[in-house]
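The next block holds one structure in the form of structure tokens; read it before the comments.
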Amino acid sequence: MKAKIIDGKAIAAELRAEVAAGVRELESATGVKPGLAVVLAGCDPASVSYVTAKEKACAEAGMRSFDIRLPADAGQDALLERVRSLNADPEVHGILVQLPLPPGYDAQAVIEAISPEKDVDGFTPENMGRLAIGRDCFIPCTPHGVMELLARAGVETAGRHAVVIGRSNIVGKPLALLLSRKDANATVTVCHTGTPDLAEHVRRADIVIAAAGRPGTVTGDMVKPGAAVVDVGVNRVPDATRERGWRLAGDCDFAACAEKASFITPVPGGVGPMTIAMLLCNTLQAARRFAAAGARGA
Ligand code: GUN
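Under this note's numbering, think of the first position of the sequence shown as 22, with each following residue one higher.
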């Protein structure tokens, strides 16, 4: 194995400690304790485990978390009503509606109901639009985490060619915007399910970001020697040797890619822990703005 393994868990722990210090400082200076509302409709097992981890991380950072669970059949109107009441609640600074929603919901309409000032996921059109035009905004947590991982691991982006695999609103699209911003200054190619020859593009990448949601998307032969490989995939693949019958796998063939790459993120323990850390950062940022607006009498 040649690549340096980027330890997302350790970098996320560093960030979470920084957030916890920021929370104490904000609370002692202004009396504002950051609060995050996590809304889960239904009981999809992966979503339950994500929201539980988010709430635990909030508590560890000294934040308040509001755990809102709705039955899968609560309905669009009930969910919209909850979001609106959270928008109006002064103890709630950040709102996260866990996606995907159960069948029958209009997720985009729910996202658009979240107040942009509390949109710590950065998914509202206001925040997405601000990201696209380079204005201050909440940056979606997973792409934000990838950028922070690259920066803290010492992976240079300026002047380099980044290939992003995936064009989702949550990961691929915002990452392409972030990498091409002046502060990162990478040249970006976005590949997706309509790309005829993925391997040809990946072979030219100095930085590969795999966010396709499909195991085995990036194989070792596609990786240019010395490239940095960031694996955003979180796939449950069958594994009879595990008691629960599955294991987590990323989008990249880890062992083969690690032979070629200079840096690589593992799954689990790479990008995943960073997503939660960035959620805490965004919630602290929202609470700071709330406190500053209060001080100005806004
Ligand atoms: N589902 C998968 N990732 C995310 C995320 O970052 N935010 C929300 N709200 N739902 C998700």
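We treat Cβ as the ideally placed atom computed from N, Cα and C, and that holds for glycine. Values in this document were obtained by computation on a predicted structure and should not be read as measured data.
- Query: Any idea what DSSP makes of CYS158, helix, strand or coil?
  - Reply: Locating residue 158 in the sequence shown gives position 137, where the first residue counts as 1. DSSP places CYS158 in coil when its eight states are reduced to three.
- For GLY180, which of SER201, THR163 and ALA307 has the nearest alpha-carbon? The count along the sequence shown starts at 1 and reaches residue 180 at position 159. Ranking the options by Cα distance to GLY180, first place goes to SER201.
- Just to check, is the beta-carbon of PHE144 closer than 8 Å to a non-hydrogen atom of ligand 1? Counting from one through the sequence shown, the residue named residue 144 turns up at place 123. The answer is yes for PHE144.
- Message: Just to confirm before moving on: does the CB-CB distance between ALA233 and GLY187 stay below 9 Å?
- Response: To locate residue 233, count along the sequence shown from 1; it is residue 212. To locate residue 187, count along the sequence shown from 1; it is residue 166. Yes, the Cβ-Cβ distance between ALA233 and GLY187 is below 9 Å.
- Determine which residues share a DSSP beta bridge with ARG85 and list them. Taking the sequence shown and counting its residues from 1, the one referred to as residue 85 is at position 64. In DSSP, ARG85 forms a bridge with GLY56.
- Task: May I ask you to check if the CB of LEU199 is nearer than 8 Å to at least one heavy atom of ligand 1?
- Result: Your numbering for residue 199 matches position 178 in the sequence shown. Not so, every heavy atom of ligand 1 lies at least 8 Å from the Cβ.
- Among VAL141, GLU76, ASP142 and GLN97, which residue has its Cα nearest to the Cα of PRO123? Locating residue 123 in the sequence shown gives position 102, counting from the first residue. Out of VAL141, GLU76, ASP142 and GLN97, GLN97 has the C-alpha closest to the C-alpha of PRO123.
- Output the residue ranges of the beta strand (DSSP E) runs that lie fully inside the stretch 237-306 and measure 3 residues or longer, sorted by chain position. 249-252, 256-259 and 267-270
- Does ligand 1 have even one heavy atom less than 8 Å from the beta-carbon of PRO137? Stepping through the sequence shown from its first residue, residue 137 is reached at position 116. It does not: the Cβ of PRO137 is nowhere closer than 8 Å to a heavy atom of ligand 1.
- Message: So, for VAL251: in the same chain, excluding its five sequence neighbours on each side, which residues have a beta-carbon less than 6 Å away from its beta-carbon?
- Response: By one-based count along the sequence shown, residue 251 stands at place 230. Around VAL251: VAL167, ILE230 and THR286.
- Contacting residues, own chain, Cβ-Cβ under 6 Å from HIS213 (five flanking each side not counted): The residue given as residue 213 occupies position 192 in the sequence shown. So the qualifying residues of the chain are ARG188.
- GLY315 in three-state terms, based on DSSP: Locating residue 315 in the sequence shown gives position 294, counting from the first residue. Helix at GLY315.
- Message: Here's a check: name, in chain order, each residue in its chain whose Cβ is nearer than 8 Å to the Cβ of ALA307, leaving out the five neighbours to either side.
- Response: By one-based count along the sequence shown, residue 307 stands at place 286. Contacts found: PRO55, HIS114, GLY115, GLU138, LYS139, VAL141 and PHE159.
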